[in-house]
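These notes concern the structure reproduced below.
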Amino acid sequence: MFRFCTSQTIGLVHTAAVSLWLFASPAQAGDLEVKAEHITPGPGSIHVVLYRGAAGFRHEDHAFRVLKAPASSVMASVRFQALPPGDYAVMVYHDANSNDKLDLRFGMFPTEGWGLSNNPRVIGPPSFNASKLTVDDQNRSIMIDLHY
Numbered sequence: 024m025f026r027f028c029t030s031q032t033i034g035l036v037h038t039a040a041v042s043l044w045l046f047a048s049p050a051q052a053g054d055l056e057v058k059a060e061h062i063t064p065g066p067g068s069i070h071v072v073l074y075r076g077a078a079g080f081r082h083e084d085h086a087f088r089v090l091k092a093p094a095s096s097v098m099a100s101v102r103f104q105a106l107p108p109g110d111y112a113v114m115v116y117h118d119a120n121s122n123d124k125l126d127l128r129f130g131m132f133p134t135e136g137w138g139l140s141n142n143p144r145v146i147g148p149p150s151f152n153a154s155k156l157t158v159d160d161q162n163r164s165i166m167i168d169l170h171y
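Using this note's numbering, the first residue of the sequence shown is number 24, and each one after it goes up by one.
Structure follows, in structure tokens:
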């Protein structure tokens, strides 16, 4: 014969459910520190633009987050905190004339210092995949070289 719903069975099921609830953890957020190097110190600010996915990459108005730092030294550092796990790309540029955009000659060639995560060699428009990095629950630090 089968025994249904004994107090021991109910107790075991309850203990298992509570254990799963306690030990199942949602995806944790991580921090990303971005260090920009080879800055030509001067007026304006350093914009550190974080993209989450290829959609809108290179267009600051589609950025996931943007942080700024003074352009007063050859190096600048910012920290994006509590980022959800996923794939990101970072673009850094020196907004020397403080117009809140990367100025381009002929709509294609940067006239201000700029750089991308992974420091890819760029011929033509840069791609998200070449600059992609993965953020998980661990803190991470990257270095980006600016090119003028």
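Ideal Cβ placement from N, Cα and C applies to all residues, glycine included.
As a quick exercise: from I165, P107, L125, pick the residue whose alpha carbon is nearest that of V113. As a working note, residue 113 is residue 90 in the sequence shown. Nearest C-alpha to V113: I165.
Reduced DSSP secondary structure (H/G/I, E/B, other) of S164: Numbered from 1 along the sequence shown, position 141 holds the residue referred to as residue 164. Reduced to three states, the DSSP call for S164 is strand.
Sorted by chain position, which residues of the same chain lie with C-beta nearer than 6 Å to D159's C-beta, five sequence neighbours on each side aside? Position 136 of the sequence shown, counted from the first residue, corresponds to residue 159. The answer, listed in chain order, is G53, P108.
Using the C-alpha atoms, what's the distance from D110 back to A94? For the purposes of this step, residue 94 is identified with residue 71 of the sequence shown, where counting begins at 1. For the purposes of this step, residue 110 is identified with residue 87 of the sequence shown, where counting begins at 1. Cα to Cα, the separation comes out at about 27 Å.
If we require 4 or more residues per run, which alpha helix (DSSP H) segments fall completely within the stretch 122–164? As for any alpha helix (DSSP H) of minimum length 4 sitting wholly inside the stretch 122–164, the runs are 151–154, ordered along the chain.
Could you work out which residue in M131, F129, V97, F103 is closest to A86 when comparing CA atoms only? The residue labelled residue 86 in the question sits at position 63 within the sequence shown. It is F103.
Contacts around I167, its chain only, beta-carbon distance under 8 Å, and the 5 residues preceding and following it disregarded: Taking the sequence shown and counting its residues from 1, the one referred to as residue 167 is at position 144. Closer than 8 Å at the Cβ level, and outside the excluded window around I167, lie V57, K58, A59, E60, V113, V115, G138, L139, S140, N142.
Go to V113, then tell me how far its beta strand (DSSP E) extends in each direction, as first and last residue. Taking the sequence shown and counting its residues from 1, one reaches residue 113 at position 90. Taken as a continuous stretch (DSSP letters only), the beta strand (DSSP E) holding V113 covers 109–118.
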